[in-house]
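Asker:
In my numbering, the protein residues as written are 9 to 361.
(1) Considering only residues of the same chain and omitting the five flanking positions on each side of residue 12, which have a CB-CB separation below 8 Å?
(2) Out of curiosity, what's the CA-to-CA distance linking residue 53 and residue 63?
(3) So, at 7 Å on beta carbons, what are the nonlocal neighbours of residue 79 in its own chain, with the 5 sequence-adjacent residues on each side left out?
(4) Leaving aside the five residues before and after residue 247 along the sequence, list all residues of the same chain whose C-beta is less than 6 Å from its C-beta, in chain order.
(5) Would DSSP call residue 102 helix, strand or coil?
(6) Count the other CB atoms within 10 Å of the CB of residue 105; is the residue buried (16 or more) or exposed (fewer)?
(7) Is the separation between the beta-carbon of residue 150 and that of residue 97 shorter than 7 Å?
(8) Looking at residue 1: is its Cβ nearer than 7 Å to the Cβ of residue 210?
(9) Taking all protein chains shown into account, decide if residue 9 is buried (16 or more other Cβ within 10 angstroms of its Cβ) or exposed.
(10) Could you give the first and the last residue of the continuous beta strand (DSSP E) run that contains residue 199?
(11) Check whether the stretch 64–74 and the stretch 117–126 touch, using three or more Cβ-Cβ pairs below 8 Å as the test.
(12) With a cut-off of 8 Å on the beta carbons, I'd call residue 291 and residue 358 a contact; round off their distance for me.
(13) Looking at the secondary structure, which residues open and close the beta strand (DSSP E) in which residue 150 lies?
(14) Would you kindly work out how many angstroms separate the C-alpha atoms of residue 340 and residue 40, rounded to a whole number?
(15) Please classify residue 167: does DSSP put it in a helix, a strand, or coil?
(16) Nearest to residue 171 by CA position, among 30, 133, 142 and 144, is which residue?
(17) Out of 328, 258, 346 and 130, point me to the one whose CA is closest to residue 318's CA.
(18) Can you tell which of 192, 15 and 207 has the C-alpha that lies nearest to the C-alpha of residue 303?
(19) When burial is assigned at 16 or more other CB atoms within 10 Å of the CB, is residue 227 buried or exposed?
(20) How about residue 219 and residue 18: do their beta carbons lie closer than 7 Å?
(21) Are the stretch 125–132 and the stretch 140–157 touching, with three or more C-beta to C-beta distances below 8 Å?
(22) What residues are listed by DSSP as bridge partners for residue 47?
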């Protein structure tokens, strides 16, 4: 099985560089086609801190890494969703400044030529710049989605389609076409921005600050891992298993496949947003919790309502103390009931409820 590289922190630029170096990403560039296309998630015109779009610093780090390894033909490619203009969205996210700084072209895939590609469900029209790249670097945001429950590596590829094909995907119900698209594209490098992905919606608004990023080579495995982090069962996101059936990758991973480059303590303590998150955590007693651990708890409370009426304690301030209730993470081993881990996944926490 493929390795998944995991890192915590607040500096997206440095975190991305560390992931690329640890994974020896340059080895994925073919000698026959030394072109790199960066494919972020730019679904709407929104700032990354709202939880919908890829942080601009991740693009900067990718450009610097590949340039340092003698790759000069680098571009940023993306097409926002049907209801928004790509160029407006790229400026809102700060990508225009990145492209200007590094003299890297940005290509709006809504204006790109397309090629009809045979898939498991029939032909799909895919933008040529995505197909022609020597290395397509998939830069999704791990977040919720109002139709597919979650979105990450596989669904991010939908931005490589013209608008008419995106509409066609929706008419087919999304599951089969997303799986089929993943099988023909199979991006070999996926760097996931899970710094503050939205809890429920693709367009942002309820960001959850995990201060985590991770890198993998198999988009199906990456999505299966993302489901686990969000507290979701794979059956809730059916396109992932179907993508495996179609030959896009493998859903399996174990703890031995996870390479942690640092610990959750490298991330900041969790900020206290209002709205949905505040309501979900109304019975949580937090004391110096790391953002990664707190985010796992929030996601678990979102997917399993049983936990919302429990007394839950979380944070480094509970170390060495005995107390009633449910304790989240290794810092809360003194709880009457404990979910171990540093951090535990949302899936593990939700099961404890």
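Where is the CB? At the ideal position from N, CA and C, for every residue including glycine.
Answerer: By the coordinates alone:
(1) Counting from 1 along the chain shown, the entry for residue 12 is found at position 4. If the five residues before and after residue 12 are omitted, its C-beta is found closer than 8 Å to the C-beta atoms of 222, 223, 224, 229, 230, 233, 261, 265, 266 and 267, all from its own chain and listed in chain order.
(2) Residue 53 sits at position 45 when you count from the first residue of the chain shown. Residue 63 sits at position 55 when you count from the first residue of the chain shown. The straight-line gap from Cα to Cα measures roughly 13 Å.
(3) Position 71 of the chain shown, counted from the start, is the residue given in the question as residue 79. Apart from the 5 residues on each side of it in sequence, residue 79 sits with its Cβ closer than 7 Å to the Cβ of 37, 42 and 44 in its chain, given in chain order.
(4) On the chain shown, position 239 is the one that residue 247 refers to. Around residue 247: 183, 186 and 187.
(5) In the chain shown, counting from the first residue as 1, residue 102 sits at position 94. Residue state, collapsed to three classes: coil.
(6) Here residue 105 is taken as the residue at index 97 of the chain shown, counted from 1. Answer is exposed; the Cβ neighbour count stays below 16.
(7) Counted from its first residue, the chain shown places residue 150 at position 142. Counted from its first residue, the chain shown places residue 97 at position 89. At the C-beta level, residue 150 and residue 97 stay beyond 7 Å of one another.
(8) Nothing about residue 1 can be read from this structure; the chain reaches only from 9 to 361.
(9) Against the chain shown, residue 9 aligns to sequence position 1. Counting Cβ neighbours within 10 Å, residue 9 comes out exposed, since fewer than 16 surround it.
(10) The residue labelled residue 199 in the question sits at position 191 within the chain shown. Looking at the DSSP string, the run of the beta strand (DSSP E) that includes residue 199 is 197–202.
(11) no
(12) On the chain shown, position 283 is the one that residue 291 refers to. On the chain shown, position 350 is the one that residue 358 refers to. With a Cβ gap of about 15 Å, residue 291 and residue 358 do not count as contacting.
(13) The residue labelled residue 150 in the question sits at position 142 within the chain shown. No beta strand (DSSP E) contains residue 150, which DSSP labels as neither H nor E.
(14) The residue labelled residue 340 in the question sits at position 332 within the chain shown. The residue labelled residue 40 in the question sits at position 32 within the chain shown. Cα to Cα, residue 340 sits roughly 53 Å from residue 40.
(15) Your numbering for residue 167 matches position 159 in the chain shown. Helix, per DSSP.
(16) Along the chain shown, one-based indexing puts residue 171 at 163. Among 30, 133, 142 and 144, the Cα nearest to that of residue 171 is on 133.
(17) In the chain shown, the residue the question calls residue 318 occupies position 310. If we check each option's Cα against that of residue 318, 346 comes out closest.
(18) Counting from 1 along the chain shown, the entry for residue 303 is found at position 295. Of the candidates 192, 15 and 207, the one whose C-alpha sits nearest the C-alpha of residue 303 is 207.
(19) Here residue 227 refers to the residue found at position 219 of the chain shown. Buried is the call here.
(20) Stepping through the chain shown from its first residue, residue 219 is reached at position 211. Stepping through the chain shown from its first residue, residue 18 is reached at position 10. With contacts defined as CB atoms closer than 7 Å, residue 219 and residue 18 qualify as a contacting pair.
(21) Between the stretch 125–132 and the stretch 140–157 there are fewer than three C-beta pairs closer than 8 Å, too few to call the two in contact.
(22) Position 39 of the chain shown, counting from 1, holds the residue named residue 47. Residue 47 pairs with 146.
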